[in-house]
Ligand SMILES: CC(C)(COP(=O)(O)OP(=O)(O)OC[C@H]1O[C@@H](n2cnc3c(N)ncnc32)[C@H](O)[C@@H]1OP(=O)(O)O)[C@@H](O)C(=O)NCCC(=O)NCCS
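Numbering (the UniProt record's numbering), first residue to last: 1 to 214.
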């Protein structure tokens, strides 16, 4: 299945998701890569990573962009040459991008119980409202928080930004599909809205800048 979803999430801002079911050759059909990207793909040991790269370019093509429109800052953040914002994520069978007029961050993660054992690496204030006794919901919320913090990180892209110290995901319910995350870092002191959903054993979250930051 190629394009899984293409939806307008805000004026001038598109969320696109690809579910990778193609062979490498099928994914590469009609995709033109710049030399740097070809070299990057050649260095990838895993076919899954090569497929992820190609599927992201297929998503970009859906809205009229190609690999030649894409470049990366020294921090690794992707940009489009015409000034439009882009954020990229991929995990196993899924890849997703948000392309639009607002600065944005997106993340998708496979739902794994392992998140429980690493929770103390990225959670701190949230422990006040998380309930480990309700194990399934605990795990699902941990993954949402992880995705939200990765998405916020990608939007702001500051090297010293700590998931534990600088980003606080406010209490939320799984049925809410949206929530708030506070970021206090340097000149940034702001609460961002985030959105999340669960798709076929994966969790996807994204945030949009509504303060002109970043
Ligand atoms: C760079 C980072 C954001 C990538 O996220 P990830 O979940 O590992 O991987 P994803 O597939 O979701 O995202 C990868 C994409 O992020 C984008 N990216 C990389 N660095 C970025 C940055 N500084 N800002 C914005 N986007 C970035 C790239 O487009 C990359 O895809 P591409 O190389 O194919 O174009 C992540 O590894 C990271 O450094 N996180 C912050 C560090 C941290 O504190 N982690 C604590 C975890 S407990």
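Backbone N, C-alpha and C fix where the C-beta goes; we use that ideal spot for every residue, glycine too. Since the model is a prediction, treat every value here as computed from it, not as a measurement.
_Residue from 99, 91, 207 and 140 with nearest C-alpha to residue 114_ = Along the chain shown, one-based indexing puts residue 114 at 114. When each option's Cα is compared against that of residue 114, the closest is 140.
*asked:* Taking 8 Å as the limit between beta carbons, can you name the residues of its chain near residue 159, skipping five residues before and five after?
replied: Locating residue 159 in the chain shown gives position 159, where the first residue counts as 1. The residues are 75.
*Do residue 156 and residue 183 have their CB atoms nearer than 8 Å?*
Sequence index remark: in the chain shown, residue 156 carries index 156 (1-based). Sequence index remark: in the chain shown, residue 183 carries index 183 (1-based). Closer than 8 Å, so yes.
*Can you tell which of 210, 5, 22 and 20 has the C-alpha that lies nearest to the C-alpha of residue 14?*
Here residue 14 refers to the residue found at position 14 of the chain shown. Here the closest residue by C-alpha is 5.
*Helix, strand or coil for residue 189 per DSSP?*
The sequence position of residue 189 within the chain shown is 189, counting from 1. Looking at residue 189 - three-state DSSP - the assignment turns out to be strand.
_The beta strand (DSSP E) that contains residue 88, what's its start and end?_
Position 88 of the chain shown, counted from the start, is the residue given in the question as residue 88. Its beta strand (DSSP E) spans residues 85-91.
*What's the gap between the Cα of residue 170 and the Cα of residue 181?*
As a first step, residue 170 is located in the chain shown; it is residue number 170 there, counting from the start. As a first step, residue 181 is located in the chain shown; it is residue number 181 there, counting from the start. Looking at the two C-alpha atoms, the distance is approximately 6 Å.
*What three-state label does DSSP hand residue 129 in the structure shown?*
Locating residue 129 in the chain shown gives position 129, counting from the first residue. In this structure, residue 129 counts as coil in the three-state DSSP scheme.
*asked:* Spatial neighbours of residue 122 within its chain, please: C-beta separation below 8 Å, excluding the five flanking residues on both sides.
replied: Translated into the one-based positions of the chain shown, residue 122 becomes position 122. The answer, listed in chain order, is 145, 146, 149, 163 and 164.
*asked:* Assuming residue 152 and residue 192 are in contact, meaning their beta carbons sit under 8 Å apart, how far apart are those beta carbons, in whole angstroms?
replied: In the chain shown, counting from the first residue as 1, residue 152 sits at position 152. In the chain shown, counting from the first residue as 1, residue 192 sits at position 192. Right, their Cβ atoms sit about 6 Å apart.
*asked:* Is residue 79 close to ligand 1? I mean its beta-carbon at under 7 Å from any heavy atom of the ligand.
replied: Counting from 1 along the chain shown, the entry for residue 79 is found at position 79. Result no, Cβ not under 7 Å from ligand 1.
*Taking only the alpha-carbon atoms, compute the straight-line gap between residue 84 and residue 44 and give it to the nearest angstrom.*
The residue labelled residue 84 in the question sits at position 84 within the chain shown. The residue labelled residue 44 in the question sits at position 44 within the chain shown. Roughly 28 Å between the two C-alpha positions.
_Under 8 Å between C-beta atoms of residue 100 and residue 12_ = As a working mapping, residue 100 is identified with position 100 in the chain shown. As a working mapping, residue 12 is identified with position 12 in the chain shown. Going by C-beta atoms, residue 100 is nearer than 8 Å to residue 12.
_Pair within 8 Å by beta-carbon distance, residue 59 and residue 18_ = Within the chain shown, numbered from 1, the residue matching residue 59 stands at position 59. Within the chain shown, numbered from 1, the residue matching residue 18 stands at position 18. Contact flag set, yes.
_If distances are taken between C-alpha atoms only, which option among 205, 161, 80 and 135 comes closest to residue 109?_
Walking along the chain shown from the start, residue 109 turns up at place 109. Closest by alpha carbon: 205.
*Cα separation between residue 93 and residue 128?*
Position 93 of the chain shown, counted from the first residue, corresponds to residue 93. Position 128 of the chain shown, counted from the first residue, corresponds to residue 128. The alpha-carbon atoms of residue 93 and residue 128 are separated by roughly 34 Å.
*Would a C-beta distance cut-off of 8 Å place residue 111 and residue 143 closer than the cut-off?*
Position 111 of the chain shown holds residue 111. Position 143 of the chain shown holds residue 143. Yes, Cβ-Cβ distance for residue 111 and residue 143 is below 8 Å.
*asked:* I'd like the span of the alpha helix (DSSP H) that includes residue 64, first residue to last.
replied: For the purposes of this step, residue 64 is identified with residue 64 of the chain shown, where counting begins at 1. Residue 64 -> no alpha helix (DSSP H), and no H or E assigned at all.
*Is the distance from the Cβ of residue 105 to the Cβ of residue 207 below 8 Å?*
Position 105 of the chain shown holds residue 105. Position 207 of the chain shown holds residue 207. A contact, by the Cβ cut-off of 8 Å.
_Using only CA atoms, which one of 21, 66 and 33 lies nearest to residue 95?_
As a first step, residue 95 is located in the chain shown; it is residue number 95 there, counting from the start. The option with the nearest alpha carbon to residue 95 is 21.
_Does residue 102 pass the burial test, meaning 16 or more other C-beta atoms within 10 Å, or should it be called exposed?_
The residue labelled residue 102 in the question sits at position 102 within the chain shown. It counts as buried.
*By the 10 Å Cβ neighbour count, where 16 or more other Cβ atoms means buried, how is residue 23 classified, buried or exposed?*
The residue you call residue 23 lines up with position 23 of the chain shown. Residue 23 is exposed by the Cβ-count criterion.
*asked:* Can you determine whether any heavy atom of ligand 1 sits closer than 7 Å to the C-beta of residue 121, and answer yes or no?
replied: Stepping through the chain shown from its first residue, residue 121 is reached at position 121. Flag set: Cβ of residue 121 near ligand 1.
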